[in-house]
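If you're matching positions, the sequence shown starts at 1 in my numbering and goes up one per residue.
The beta-carbon is built from N, C-alpha and C at its ideal position, and this holds for glycine as well.
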Amino acid sequence: MQGIIFIIFLLTFGALYYMAFALVKPFRLNKKRPVSTLSLKVTYLGYLAVLMVFILLLIFFQPNADDDSSSMRDIILIIAASLVPNLGIIVRREFQSVRVGYNYIFTAINIVAALYLFYSIMSNPWTI
1 MQGIIFIIFL LTFGALYYMA FALVKPFRLN KKRPVSTLSL KVTYLGYLAV LMVFILLLIF
61 FQPNADDDSS SMRDIILIIA ASLVPNLGII VRREFQSVRV GYNYIFTAIN IVAALYLFYS
121 IMSNPWTI
C-alpha cells in the first residue's frame with residue numbers, strides 16, 4: 001500500500017514540476033537581460049527538483065529516530081530554504097528597475113538553498 005502511495009506522490013510531484021517548468025518558461029529569455037534571466041530560471045528549477053526529493057524523503061523515509069540531532073536552527077533553515085526561493089520567483093516582476101541584480105541575488109539564493117537541502121539529504125540517515 002505504501003508503494004502505491006509513493007507512486008502517486010511521485011507522479012503528483014512530476015506533474016507539479018512539469019507545471020512549474022511551463023510557468024517559469026526557462027527558454028523564453030528577456031532581450032535586455034538574457035543571462036540573468038536564464039540563470040535565475042535554471043537555478044530555480046534545479047532547486048525545485050532538490051526540494052521535491054527532500055519532501056519525498058521526509059514523507060516516506062523518516063530520518064533515523066536514534067539520531068535526533070535536529071536543532072531549531074536546522075528547522076528554521078529548512079523552512080527558509082523552502083520558502084525564500086519560491087517567494088523570489090513569485091515577486092520578481094515587481095522589481096523592474098533592478099531586475100538584473102535581483103536575478104543574480106536570487107540565483108545565488110537558489111544555489112545556496114539547493115545545496116543546503118542536498119546537504120540535509122546526504123547527512124541524514126534515512127530509514128525505510
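Selected residue, minimal CA-CA separation from residue i, among the options
i	options	result
F9	F54, Y47, Y104	F54
M122	L57, P26, T37	L57
L29	L115, P85, V100, T12	V100
V98	R33, A49, L16	R33
Q96	T37, N86, L77, F13	T37
N103	A113, I89, Y119	I89
P85	L45, Y18, I7, R73	L45
Range covered by the alpha helix (DSSP H) that runs through residue i
i	result
M122	99–123
V91	Premise fails: V91 is in no alpha helix (DSSP H) and is neither H nor E.
P34	34–60
L10	2–24
Rounded Cβ spacing between residue i and residue j (contact assumed at less than 8 Å)
i	j	result
A108	Y47	Actually they are not in contact, since the Cβ atoms of A108 and Y47 sit about 11 Å apart, beyond 8 Å.
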